[in-house]
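A.B. asks: Got a structure for you, written out below as structure tokens; questions coming shortly.
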Amino acid sequence: MHETARGLHDSGLISKRRMGEFDALCHLDVHEMQPQQIKSLRERAHLSQAVFAAVLNTSLSAVQKWEVGDKKPSGPSLKLLNLIERKGLESVL
């Protein structure tokens, strides 16, 4: 994905500023999140668990399990949660 964006930038189709933003998102340091952190992110956004799950492109059950500590988010879901924590919900909408 990053290589595609780099090619578009090299071709002049993506601005230097936009490429910088893309770089920042691709190289986002991701840390594990505790159940209360996940719940707090959702509550600060004033979203139900179902809507938060839809935003993260995951299931309601997954969000419920993360918030009580039965499971931990990983992969793209964890990256999105970290992005929401750092840049706000608008960054993923």
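Residues in the sequence shown are numbered from 631 upward in steps of one, following our numbering. For glycine and all other residues, C-beta sits at the position ideal for the given N, C-alpha and C.
#1: Taking the C-alpha atoms as reference points, what is the distance between Phe652 and Ala635?
#2: So for Met663, helix, strand or coil by DSSP?
#3: Would you report the Cα separation of Lys709 and Gly650, rounded to the nearest angstrom?
#4: Which runs of the alpha helix (DSSP H), 4 residues or longer, sit entirely within the stretch 650-716?
#5: Would you grab the beta carbon distance between Ile644 and Leu671 for me? Rounded to a whole angstrom, and I think it's under 8 Å.
#6: Since Asp692 contacts Ala683 with CB under 8 Å, what's their CB separation in whole angstroms?
#7: Give the straight-line distance between the Cα atoms of Pro706 and Lys717, rounded to the nearest whole angstrom.
#8: Glu633 to Asp659, Cα distance in whole Å?
#9: Short of 7 Å in beta carbon distance, which residues of its chain neighbour Ser721, apart from the five on each side in sequence? Order them along the chain.
#10: So for Gly642, helix, strand or coil by DSSP?
C.D. replies: Quick answer:
#1: 8 Å
#2: coil
#3: 18 Å
#4: 665-674, 679-685 and 690-698
#5: That pair is no contact at about 29 Å.
#6: It should be noted that the sequence gives Ala, not Asp, for residue 692. Yes, they are in contact, since the Cβ atoms of Ala692 and Ala683 sit about 7 Å apart, within 8 Å.
#7: 16 Å
#8: 19 Å
#9: Leu713 and Ile714
#10: coil
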